[in-house]
DNA sequence: TTGACATTTCGTTTTATGGCGAAATATAGA
DNA sequence: TCTATATTTCGCCATAAAACGAAATGTCAA
């Protein structure tokens, strides 16, 4: 029950669902997810922590960057694996999901340094 | 996204998960669910409303009694059907789930009038 | 070593949720 | 019709969750 509940609670927020969807086959760095969601870094960090504790994503630190990916079915519990499959199927053709996927495709063309630079720029300009 | 989120949010509470599990193959009346969960009728009513709006249960009024059951796959969306299947599989062998199932088996041996009488008795005794 | 910077942690605020009891609603039976 | 009763609605309170900004952490590069 505890694991099941951790999974459903992790899935019960739009930002987290969008994150899972957009991570998909990719290996994204946190700054790309921040950019896609349009939320504060601290907020996104918390969301990722919740997803990670439920086993729905795997994070790997590489230098200053943290990479996020979905677990393969052989490294996740059946519950996690099933939940991810269900989510994929349920969001098939969803508008928001498709918009996010398109946005991500754009982001993948830009070096992550550039993305981070944008975020710093945005932060500074709002404090002026 | 909206439907998906309604489902995951409905599943993100232990009382609601336990309800779905215990309804299972049965056609329960609300008073039986109240008894099983040990929560106030008003609270259970709200939970059932959330489950119902997500399409995870179907309620049918019959006289004074309201009966609750799971939708058949042919009358529910694929998302709902898949979510219920996932839930069943994930809670396979869960301790709480088994305890609830046992308790329900007991409750099914008692006429529902008796269950309601108990609830009224309990309410009165706590106000004395 | 120092500075830049990607990410997390912490503290705070606002909003959502789950719980209850009291009152309302609707129906069966006297 | 009147009463008992199964369930829902409403209003309230306590707690949990999501958001942010500021400060802390850890790592690369000059």
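Residue numbers (this note's numbering), protein chains in the order written: chain A, 125 to 252; chain B, 125 to 252.
Beta carbons are placed, not taken as given, at the ideal position from N, Cα and C, and that holds for glycine.
Proximal residues of chain A, C-beta to C-beta of residue i below 8 Å
| i | result |
| --- | --- |
| residue 206 of chain B | 210, 213, 214 |
| residue 225 of chain B | Chain A residues near residue 225 of chain B: none, gap ~13 Å exceeds 8 Å. |
| residue 220 of chain B | 125 |
| residue 138 of chain B | 125, 129 |
Residue i in three-state terms, based on DSSP
| i | result |
| --- | --- |
| residue 193 of chain A | strand |
| residue 245 of chain A | helix |
| residue 200 of chain A | coil |
| residue 305 of chain B | Outside the shown range of chain B (125 to 252) lies residue 305 of chain B, about which nothing can therefore be said. |
| residue 233 of chain A | coil |
Neighbouring residues, chain A, relative to residue i (Cβ below 7 Å)
| i | result |
| --- | --- |
| residue 203 of chain B | 214 |
Residues near residue i by beta carbon distance below 6 Å, same chain, minus five either side
| i | result |
| --- | --- |
| residue 212 of chain A | none |
| residue 158 of chain A | 165, 168 |
| residue 171 of chain A | 139, 140 |
| residue 142 of chain A | 224 |
Within chain A, the residues that residue i reaches when beta carbons sit closer than 9 Å
| i | result |
| --- | --- |
| residue 135 of chain B | 128, 129, 131, 132, 133, 135, 136 |
Cβ shell of residue i (< 7 Å), same chain only, five flanking positions each side left out
| i | result |
| --- | --- |
| residue 197 of chain B | 205 |
| residue 269 of chain A | Outside the displayed range of chain A (125 to 252) lies residue 269 of chain A, so it cannot be described from this structure. |
Chain-ordered chain B contacts of residue i [CB-CB under 8 Å]
| i | result |
| --- | --- |
| residue 141 of chain A | 125, 128, 129, 132 |
Close beta carbons around residue i, own chain, < 8 Å, minus the five adjacent residues each side
| i | result |
| --- | --- |
| residue 236 of chain B | 153, 155, 156, 189 |
| residue 182 of chain A | 176, 192, 193, 194, 195, 199 |
| residue 201 of chain B | 127, 179 |
For residue j and residue i, believed in contact at Cβ under 8 Å, the rounded distance
| i | j | result |
| --- | --- | --- |
| residue 208 of chain A | residue 180 of chain A | 7 Å |
| residue 147 of chain B | residue 194 of chain B | 6 Å |
| residue 221 of chain B | residue 125 of chain A | 7 Å |
### Task
Would you list, in sequence order, the uninterrupted beta strand (DSSP E) runs of no fewer than 3 residues that lie entirely inside the region 134 to 189 of chain A?
Counting whole runs of 3 or more residues, the region 134 to 189 of chain A contains the beta strand (DSSP E) stretches 182 to 186.
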